[in-house]
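Its first residue numbered -9, the sequence shown is counted upward by one per residue in this note's numbering. Cβ atoms here follow ideal geometry from the backbone N, Cα and C, with glycine treated the same way.
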Amino acid sequence: TGLGPAAGAGLAALLRSSRSLEKLYLVINNQLGDAAGAAMADALRENAETRLRELHLAGTGMGPTAASGFAVLLRSNRSLETLDFRGFAALGGPAGVGLAEALRENAETKLRK
């Protein structure tokens, strides 16, 4: 599919308010980008009633800003069970370390994948 940054802003708005969405597949949308990923992570963090269990972001063109946003989210998120970051080049550096530390800090995480 061909979703870009504008669609990312719309997805962030959806994630900020959704109380019913359980799965979101955005794979192979390499134009979605880093800022959209960070906005989606912020939106999920702000939505205390999210039911999102699966978020698939492989091949979305997200980088260190998105990874840092997801690290903040993962410190407190209790709904996500699957978070697919395949293809995130940023995970090899400090952003990957930040994600690992966030998961270690969240004793109530349900993340399995």
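Residue j and residue i - do their beta-carbons sit closer together than 8 Å?
i	j	result
residue 20	residue 50	yes
residue 101	residue 89	no
residue 43	residue 71	yes
residue -7	residue 14	no
residue 73	residue 45	yes
Go through its chain and collect everything with a Cβ distance to residue i's Cβ below 7 Å, but skip five positions before and after it.
i	result
residue 63	31, 34 and 35
Please name the residue, chosen from the options, that lies closest to residue i on a Cα-to-Cα basis.
i	options	result
residue 25	44, 15 and 58	58
residue 47	84, 0, 70 and 75	75
residue 78	-4, -5 and 52	52
For residue i, I'd like the list of residues in its chain whose CB is within less than 6 Å of its CB, leaving aside the five on either flank, ordered along the chain.
i	result
residue 68	98
residue 5	30, 33 and 34
residue 175	With the chain covering only -9 through 103, there is no way to say anything about residue 175.
Leaving out five residues before and five after residue i in sequence, what residues of the same chain have Cβ atoms less than 8 Å from its Cβ?
i	result
residue -2	22, 23, 25, 26, 27, 29 and 30
residue 95	65
residue 83	54
residue 61	85, 88, 89, 91 and 92
residue -5	21, 22, 23, 25 and 26
residue 81	57, 75 and 89
Would you check if there are 3 or more beta carbon pairs closer than 8 Å linking the stretch 5 to 17 to the stretch 28 to 38? Touching, per the Cβ criterion.
Start-end ranges of the alpha helix (DSSP H) lying completely within the stretch 38 to 67, minimum 4 residues: Listed in chain order, the alpha helix (DSSP H) runs fully inside the stretch 38 to 67 are 54 to 64, counting runs of at least 4 residues.
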